[in-house]
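Residue numbers (my numbering): 355 to 827. Here the structure comes first, spelled out in structure tokens, and everything after it is commentary.
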Ligand SMILES: [Ca+2]
């Protein structure tokens with residue numbers, strides 16, 4: 355496919371300087387396809403997963419930059435999405451639970467990412483879960499999807515756990531959304547994600563003359579694990595390997611980390627067979643979602659707009675699959691706060707490469723504004739990743755920050771640098787964690803109590819205290 359003229363950030367800056375802002379955009383203006391997957395960790399083919407098949411997301415990675423160190427600001431749907439959609443950190447949005455997700459309570463005049471595009475003449479469209487949407491209970495509802503952000507706003511319904519098919523429930527005592535119920539259906543009929551792809555394809559047809567911003571939010575692989583049976587068949591149970599953890603792994607993890615959501619630890623009480631069944635459901639859900647991504651990417655090609663459309667694909671936060679005996683989200687460890695991120699932009703010089711740069715989800719907003727020549731609000735708390743898209747070996751910040759809290763009882767904050775992760779807990783006895791990623795990428799050995807690491811501990815404490823707005827190294 356022929357690529358348009360290269361537009362580096364410097365060239366773009368010159369363009370900005372040479373033109374009034376309103377005509378500083380590339381001509382024609384670039385479209386944005388902004389795809390969120392719910393509860394997706396980096397278990398994808400393009401991230402080197404040995405089992406999961408994700409050919410369509412892999413195809414996107416092959417034409418974009420794959421970020422290997424991308425961190426959400428809060429490992430929970432509502433707070434993470436309120437943050438990335440406003441470009442503001444959870445401390446600023448005030449959204450730190452899934453119960454109160456309306457950032458406009460504190461910021462009534464906030465201009466969200468899609469709203470910026472809408473205000474500048476792009477057709478701003480939402481299909482599926484972009485802001486917080488309870489899964490499965492809120493699927494198909496319009497709640498929380500922030501009407502000022504969109505010209506078109508659609509929530510495709512889905513049968514979710516009531517889908518007809520062969521299934522099971524490894525966690526019968528947990529509520530929907532937490533339980534890892536699974537259903538193998540005959541086909542995609544009644545599934546929210548296939549309906550979302552259908553709707554997105556229709557909207558792309560209507561909007562091909564552009565410019566458009568299409569936010570497309572898939573609900574899988576969030577529980578319940580519902581997908582057509584052919585996606586389950588890709589992952590024979592006997593071939594699924596469980597995550598291995600050292601016997602004493604939990605001994606050096608502070609109490610608040612384990613008490614945040616205690617039922618998510620100790621393999622959620624699941625037998626090894628049920629752990630394999632849950633992994634199969636998660637993998638099948640990913641491959642089904644991946645197929646929907648592929649259908650929408652194909653439509654960009656068919657309409658002839660792929661070479662002027664920026665595509666962003668991300669998981670809204672990470673997910674444990676048995677690491678540290680933990681499942682799901684709401685930890686501050688690597689598996690929960692890191693998530694897949696792929697950005698493909700026309701003319702980018704880093705196409706097809708991967709980046710180790712530390713990046714944060716608050717960077718999405720300034721990046722897309724930068725690439726499209728829009729002036730973002732002055733209070734955004736991230737930075738543009740455009741330099742990394744041109745040169746993936748570049749780093750743009752020295753640290754990534756995430757936080758979590760539970761009720762008014764447990765508060766955790768973490769900072770990740772190239773080499774270390776430091777976590778500080780308050781409430782429930784408090785505690786600290788320090789992990790050295792140069793020799794402990796799985797974060798098994800907490801060095802916070804090791805006198806030989808007191809110097810590193812002091813500097814990481816200081817880095818957390820200085821916070822994200824400190825000048826980078
Ligand atoms: Ca440990």
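No residue lacks a Cβ here, since even glycine has one placed at the ideal position from N, Cα and C. This one's a predicted model, so the numbers in the text were calculated from it and none came from an experiment.
- In this structure, the CA atom of residue 686 is about 17 Å from the CA atom of residue 621.
- In the DSSP assignment, the residues bridged to residue 769 are 755 and 776.
- Counting only runs that start and end inside the stretch 678-738, the beta strand (DSSP E) elements of at least 3 residues fall at 695-698.
- Within 10 angstroms of the beta-carbon of residue 559 lie fewer than 16 other beta-carbons, which makes it exposed.
- In this structure, residue 607 has its CB closer than 7 Å to one or more heavy atoms of ligand 1.
- Beta-bridge partners of residue 522 (DSSP): 536.
- Checking the DSSP bridge columns, you'll see residue 388 partnered with 569 and 666.
- Residue state for residue 430 is assigned as coil, using DSSP reduced to three classes.
- Contact annotation: residue 796 and residue 677 have beta-carbon atoms nearer than 8 Å.
- In this structure, DSSP gives residue 507 an extended state, which the three-state scheme calls strand.
- Short of 8 Å from the beta carbon of residue 801, and not among the five residues preceding or following it, lie these beta carbons of its own chain, in chain order: 788, 789, 790, 807, 810 and 811.
- In summary, residue 646 is buried, with 16 or more beta-carbon neighbours lying within 10 Å of its beta-carbon over all protein chains present.
- Here DSSP, grouped into helix, strand and coil, assigns residue 804 to coil.
- Taking 7 Å as the cut-off, one finds no heavy atom of ligand 1 near enough to the beta carbon of residue 790.
- Residue side-chain check: residue 800 places its Cβ nearer than 7 Å to a non-hydrogen atom of ligand 1.
- With a cutoff of 7 Å, residue 603 counts as near ligand 1, since its C-beta is closer than that to a heavy atom of the ligand.
- Across the structure, residue 593 and residue 419 are spaced so that their CA atoms are roughly 31 Å apart.
- Between residue 443 and residue 716, the C-beta gap is smaller than 8 Å, which places the two residues in contact.
- As computed with DSSP, residue 787 is found in a beta bridge with 777.
- In this chain, residue 610 is not harboured by any beta strand (DSSP E); it is covered by the alpha helix (DSSP H) spanning 609-613.
- In the DSSP assignment, residue 482 falls within the unbroken beta strand (DSSP E) covering 477-482.
- The straight-line gap separating the alpha-carbon atoms of residue 567 and residue 579 is approximately 29 Å.
- With 16 or more other CB atoms across the displayed protein chains lying within 10 angstroms of its CB, residue 500 is buried.
- Under the DSSP assignment, residue 421 falls outside any alpha helix (DSSP H), being part of the beta strand (DSSP E) whose first and last residues are 419-421.
- Taken through DSSP and simplified to helix, strand or coil, residue 650 comes out as helix.
- In the structure shown, residue 416 adopts helical secondary structure according to DSSP, grouped into three states.
- A direct Cα-Cα distance of roughly 7 Å separates residue 726 from residue 380.
- For residue 740, the enclosing alpha helix (DSSP H) stretches over residues 740-744.
- Distance between residue 402 and residue 680, taken at the CA atoms: about 21 Å.
- Residue 639 and residue 780 have their C-alpha atoms some 36 Å from each other.
- Spanning the alpha carbons of residue 572 and residue 777 requires a straight line of approximately 31 Å.
- The beta carbon of residue 613 lies closer than 7 Å to those of 764 and 782 in the same chain, with the five residues before and after it left out.
- Excluding sequence positions up to five before and after residue 588, its CB lies within less than 8 Å of the CB of 407, 637, 638 and 641, all in the same chain and listed in chain order.
- One Cα belongs to residue 820, the other to residue 814, and the distance between them is close to 10 Å.
- Separation of residue 721 and residue 703 (C-alpha to C-alpha, rounded to the nearest whole angstrom) is 15 Å.
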